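K.L.:
In the working numbering, the protein residues as written are 93 to 649.
1. I need the boundaries of the alpha helix (DSSP H) containing residue 332, first residue and last residue.
2. Candidates 568, 192, 203 and 224: which alpha carbon is nearest residue 140's?
3. Measuring alpha carbon to alpha carbon, tell me which of 562, 196, 173 and 535 ends up nearest residue 520.
4. Just mark residue 556 as buried or exposed, buried being the case when its beta carbon has 16 or more other beta carbons within 10 Å.
5. For residue 191 versus residue 242, is the C-beta spacing smaller than 8 angstroms?
6. Suppose you measure from the CA of residue 449 to the CA of residue 166; what does that come to, to the nearest Å?
7. Rounding to the nearest angstrom, what Cα-Cα distance links residue 538 and residue 194 in this structure?
8. Taking all protein chains shown into account, do 16 or more other C-beta atoms lie within 10 angstroms of the C-beta of residue 202, making it buried, or fewer, making it exposed?
9. Quick check: what's the CA-CA separation for residue 260 versus residue 592?
10. Between which residues of its own chain and residue 587 is the CB-CB distance below 8 angstroms, once the five residues before and five after are set aside?
11. Measure the CB-CB distance between residue 183 and residue 545 and report whether it falls below 8 angstroms.
12. So the alpha helix (DSSP H) residue 532 belongs to, where does it begin and stop?
13. Determine the DSSP secondary structure at residue 658, reduced to helix, strand or coil.
14. Using the Cβ count rule (16 or more neighbours within 10 Å means buried), how would you classify residue 322?
15. Report the three-state DSSP secondary structure of residue 646 (helix, strand or coil).
16. Would you kindly check if the distance between the Cβ of residue 526 and the Cβ of residue 327 is under 8 angstroms?
17. Cutting at 6 angstroms between CB atoms, please list the residues of its own chain near residue 647, excluding the five before and the five after it.
18. For the alpha helix (DSSP H) containing residue 460, name the first residue and the last one.
19. Within its chain, find whatever has a CB closer than 6 angstroms to the CB of residue 431; leave out the 5 residues flanking it on each side and keep chain order.
20. May I have the straight-line CA-CA distance separating residue 218 from residue 208, to the nearest angstrom?
21. Would you call the CB atoms of residue 547 and residue 412 closer than 8 angstroms?
22. Below 8 angstroms, how does it come out for the region 265-283 and the region 124-131: are there three or more Cβ pairs, yes or no?
23. Is the region 347-366 close to the region 506-515, with three or more CB pairs under 8 angstroms?
24. Cα separation between residue 142 and residue 345?
25. So, using beta-carbon positions, are residue 562 and residue 571 closer together than 8 angstroms?
26. Just to check my reading of the structure: residue 198 and residue 531 have Cβ atoms closer than 8 angstroms, yes? What is that Cβ distance to the nearest angstrom?
27. CA-CA distance, residue 661 and residue 492?
28. Out of 148, 517, 350 and 470, which one is the CA nearest neighbour of residue 501?
29. Taking just the CA atoms, how far does residue 504 sit from residue 609?
30. Which stretch, first to last residue, makes up the alpha helix (DSSP H) that contains residue 291?
31. Give me the Cα-Cα distance between residue 390 and residue 365, rounded to the nearest whole angstrom.
32. Buried or exposed for residue 599, going by 16 or more other Cβ atoms inside 10 Å?
33. Whose C-beta lies closer than 6 angstroms to the C-beta of residue 640 among residues of the same chain, with five residues either side of it excluded?
34. Are the beta-carbon atoms belonging to residue 277 and residue 135 less than 8 angstroms from one another?
35. For the alpha helix (DSSP H) holding residue 357, just list the boundary residues, first then last.
36. What does the Cβ neighbour count give for residue 616, buried or exposed, with the cut at 16 atoms within 10 Å?
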């Protein structure tokens with residue numbers, strides 16, 4: 093069309109369930125891989141705090157205690173942050189992330205997924221400035237809670253964004269990349285902490301904190317380039333923008349049959365869901381997340397509860413006990429000369445084990461690896477607990493027993509990293525219908541941070557040795573192992589299998605099957621067919637230079 097006018101493109105759907113998505117392109121991988129970079133925030137912030145809490149200069153700066161004489165056993169034992177300060181500085185971040193994740197769901201529906209993540213980067217930067225400048229508990233905590241709000245924005249909406257743009261055949265593996273970035277963040281934090289631990293100045297803790305600025309800058313700049321989620325545009329009724337965004341994400345021209353079929357299916361599914369979940373007031377939008385019967389597998393309340401419990405169970409595996417308080421715990425074992433090095437080793441295990449999930453999550457499915465991973469963690473944690481209360485007791489000073497404990501802790505981390513670590517994020521990004529997806533993912537993510545906060549608050553008292561503390565030591569692994577039993581049962585009875593299904597097909601599966609039989613469900617129809625879009629079509633006005641043909645005529649078949 094000369095002069096670059098506007099040409100109509102007729103979007104019609106298909107009844108063929110195998111033709112709902114374009115072939116996977118390298119561009120799709122790149123877009124999702126960059127979005128997964130948001131996991132660096134989560135991981136790095138988890139990683140640096142545990143090491144900083146054990147730094148000698150940081151302890152002196154925040155408590156006013158002088159460096160102890162190495163020969164004075166009592167002074168060495170007393171030279172640490174009080175359990176209350178450890179609890180506060182660690183858990184206050186999770187308080188901010190809890191509210192940040194909840195708020196982010198609303199903002200993502202209002203201004204878009206990309207803009208919400210960029211806003212989170214800005215908030216995070218403000219908090220990071222306060223953390224870096226702090227010399228006492230007050231400013232540090234203020235910075236932590238503001239950083240937390242930013243991380244809450246990012247952690248919730250990155251999962252939402254990736255789930256909405258990733259091709260269904262590799263969506264699990266791509267979202268698992270988010271967990272891999274979390275482990276990379278933890279590793280980077282441990283490396284920086286290890287390098288600065290012996291500095292006798294504020295650089296010992298300020299350098300690890302300040303490195304976080306880099307992650308915010310990279311992610312924010314990159315997201316200005318990436319496309320918005322096409323499903324966000326469909327939700328807002330901007331179908332032309334949705335077509336352009338989907339075309340960019342899939343690497344196909346707008347008039348491609350693949351783009352037409354997938355966009356028609358997204359639109360039809362959204363229309364179908366709006367008949368069931370009417371859009372009302374702001375408060376009504378939130379109550380929609382809890383509508384229906386908890387006993388009905390496809391009800392909104394059932395999906396929301398599964399999302400909340402999924403993230404709760406991930407935290408109750410006890411994994412962040414190792415990453416938040418690992419250095420302190422390894423020190424308490426009595427025979428370890430360099431607990432910082434052991435923490436670095438456990439972090440390396442975490443990083444190296446996570447990529448296994450890229451293959452297993454699509455080969456075996458979400459349910460199966462959650463059940464296997466939970467069972468493996470139960471065994472490993474009980475073994476650690478048993479050794480810890482027998483040969484590994486501090487009074488026995490048995491180096492071999494302590495080494496065995498560390499080995500089984502590493503096996504436990506490996507089971508988590510390959511299963512529950514990534515799969516919890518994959519599942520919450522898939523189970524919600526579009527009208528409540530952003531809020532559902534936000535609520536689920538806030539559950540992660542709520543229980544993260546609870547663990548950060550109580551753990552110093554569970555393993556602390558001061559008066560009034562539980563002083564459980566290695567016995568705390570009996571607690572985590574018991575909770576892993578519950579997590580495994582939860583996965584078996586309530587988590588549906590979503591492998592290989594589009595987000596719209598997941599909706600249909602949850603209507604027609606239950607969690608235990610979901611793996612056998614196969615798609616047999618499309619929403620486009622049910623809503624009549626295989627016949628009537630939708631006309632979009634698109635600039636002529638963005639399409640390959642002026643008018644697309646497509647058979648109903």
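Glycine included, every Cβ here is placed at the ideal spot set by N, Cα and C. Since this is a predicted model, take the numbers as computed values, not measurements.
P.N.:
So, from the data block:
1. Boundaries of the alpha helix (DSSP H) around residue 332: 331-342.
2. Looking at the Cα atoms, 224 is the closest of the given residues.
3. When only C-alpha atoms are compared, the closest one is 535.
4. Looking at its Cβ environment, which holds 16 or more other Cβ atoms inside 10 Å, residue 556 is buried.
5. No, the Cβ-Cβ distance between residue 191 and residue 242 is not below 8 angstroms.
6. CA-CA distance, residue 449 to residue 166, rounds to 46 angstroms.
7. Taking the straight line from one Cα to the other gives about 6 angstroms.
8. Exposed, by the Cβ-count rule.
9. If I take the Cα positions, the gap works out to 6 angstroms.
10. These residues qualify, in order along the chain: 398, 402, 458, 459, 462, 519 and 607.
11. Yes, the Cβ-Cβ distance between residue 183 and residue 545 is below 8 angstroms.
12. Here the alpha helix (DSSP H) through residue 532 covers 526-555.
13. Only positions 93 to 649 of the chain appear in this structure, which leaves residue 658 out of reach.
14. So residue 322 counts as buried.
15. Note that residue 646 has pLDDT 39, beneath the 50 cutoff, so the model's placement of it is unreliable and no number is given.
16. For residue 327 and residue 526, yes; Cβs fall inside 8 angstroms.
17. Because residue 647 sits at a pLDDT of 37, beneath the cut-off of 50, its placement in the model cannot be relied upon, and the following sentence gives the value as read from the coordinates. Within the same chain, residue 647 has no close Cβ partners at all.
18. Note, residue 460: alpha helix (DSSP H), 458-481.
19. Taken in chain order, the residues that qualify are 419, 422 and 423.
20. Here the alpha carbon of residue 218 sits roughly 16 angstroms from the alpha carbon of residue 208.
21. It is a contact, given that the beta carbons lie within the stated cut-off.
22. The answer is yes - the region 124-131 touches the region 265-283, with three or more Cβ pairs under 8 angstroms.
23. No contact exists between the region 347-366 and the region 506-515.
24. If you take the alpha carbons of residue 142 and residue 345, they lie about 49 angstroms apart.
25. No, the pair does not count as a contact, with Cβ atoms beyond the cut-off.
26. With 8 angstroms as the limit, residue 198 and residue 531 qualify as a contact, their Cβ atoms being about 7 angstroms apart.
27. Residue numbering for the chain in the displayed model covers 93 to 649; residue 661 lies beyond these limits and cannot be assessed.
28. Closest option to residue 501, Cα to Cα, is 470.
29. If I take the Cα positions, the gap works out to 29 angstroms.
30. Neither: residue 291 is in no alpha helix (DSSP H) and is coded neither H nor E.
31. Roughly 12 angstroms between the two C-alpha positions.
32. It is buried - the Cβ of residue 599 has at least 16 other Cβ atoms within 10 Å.
33. For residue 640, the predicted model reports a pLDDT of 38, less than 50, meaning its position is unreliable; a value from the coordinates is still stated below. Excluding sequence neighbours, residue 640 sits near 345 and 347.
34. Yes, they are a contact pair.
35. For residue 357, the uninterrupted alpha helix (DSSP H) run begins and ends at 349-368, by DSSP.
36. It is exposed - the Cβ of residue 616 has fewer than 16 other Cβ atoms within 10 Å.
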